[in-house]
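Numbering (this note's numbering), first residue to last: -18 to 220.
In structure tokens form, the structure reads like this:
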């Protein structure tokens, strides 16, 4: 069976009559030229997907009929906190976070951040997640959050996590994590911006239960560090 085209229907809209609107409706009808009677896949980003038959297509919306529905258990346990950086590579991190089944991404304010982290997440970020989920078939979208202020705000935010790590450029090489480091039910791993952590930030993280770990001897860009961390956690989740 050929791979079905996928479309995102927000969880609050997951109910009969099933209706796609806006960009998703345009993509189905005008871009992909889907016809009435065709079967497509919808997902809600919270673990639910299903097969649907297209019953009506108009200029502004598409109506569908549910054929079968599935719920995929949440396999994700890693939330990645990344020091804010003015970087075009942010979109790349968003995309890979979906492919590698990351639970969440937090952009926080660091002393070495370039610019100020926004007070709210941006709709364009969620659009990148949706596009990646369509491609890879993941029914879960990472939770996106921002933490303005300082490292103290991130530490306050971290209280509920079982396992807390920070990827520290000054950590000993014998602290390089293996897959089992990410086996805890909920892990928060903190990555600094391009300039890394200030001594004050590193000290505060250690004092508040974060374990410093190394990613090896190479100096990594922030998106490379993020990918390595997400990939290691993903491999552990596949066991």
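Glycine included, every Cβ here is placed at the ideal spot set by N, Cα and C.
Here the structure is a predicted model, which means the values were calculated and not measured.
Is the beta carbon of residue 176 sitting closer than 9 Å to the one on residue 78?
-> 9 Å or more divides the Cβ of residue 176 from the Cβ of residue 78.
Relative to the C-alpha of residue 94, which residue among 37, 131 and 50 is closest?
-> Sorting 37, 131 and 50 by C-alpha distance to the C-alpha of residue 94 places 131 at the top.
Pull up the distance between the alpha-carbon of residue 158 and that of residue 171, whole angstroms please.
-> Answer to the nearest angstrom: the Cα atoms are 14 Å apart.
By the 10 Å Cβ neighbour count, where 16 or more other Cβ atoms means buried, how is residue -4 classified, buried or exposed?
-> Here residue -4 is exposed. Its C-beta has fewer than 16 other C-beta atoms within 10 Å.
Return yes when the Cβ of residue 105 is within less than 9 Å of the Cβ of residue 203, no when it is not.
-> No; because the gap between Cβ atoms is not below 9 Å, this pair is not in contact.
Could you round the C-beta distance between residue 59 and residue 109 to whole angstroms and report it? I think they count as a contact, below 8 Å.
-> In this structure, residue 59 and residue 109 do not form a Cβ contact; the two beta carbons are roughly 18 Å apart against a cut-off of 8 Å.
Enumerate, from N- to C-terminal direction, the unbroken beta strand (DSSP E) stretches of 3 or more residues contained entirely within the stretch 155 to 215.
-> Within the stretch 155 to 215, the complete beta strand (DSSP E) runs of at least 3 residues are 168 to 172 and 192 to 194.
Just mark residue 210 as buried or exposed, buried being the case when its beta carbon has 16 or more other beta carbons within 10 Å.
-> Buried: at least 16 other Cβ atoms inside 10 Å.
How would you label residue 182, buried or exposed, when you count the other beta carbons within 10 angstroms and need 16 or more for buried?
-> Burial call: buried.
Assuming residue 215 contacts residue 82 (C-beta within less than 8 Å), just tell me the rounded distance between them.
-> The beta carbons of residue 215 and residue 82 sit about 6 Å from each other, so the pair counts as a contact at 8 Å.
Cα-Cα separation between residue -7 and residue 0, rounded to whole angstroms = Note on geometry: alpha-carbon atoms of residue -7 and residue 0 lie some 12 Å from one another.
Check the DSSP bridge columns for residue 144 and list the partner residues they point to.
-> Paired residue(s): 168.
Would you give the residue range spanned by the alpha helix (DSSP H) that residue 105 belongs to?
-> Element bounds for residue 105: 104 to 117.
Could you spell out the range, first to last residue, of the alpha helix (DSSP H) harbouring residue 79?
-> Run containing residue 79: 71 to 80, per the alpha helix (DSSP H) assignment.
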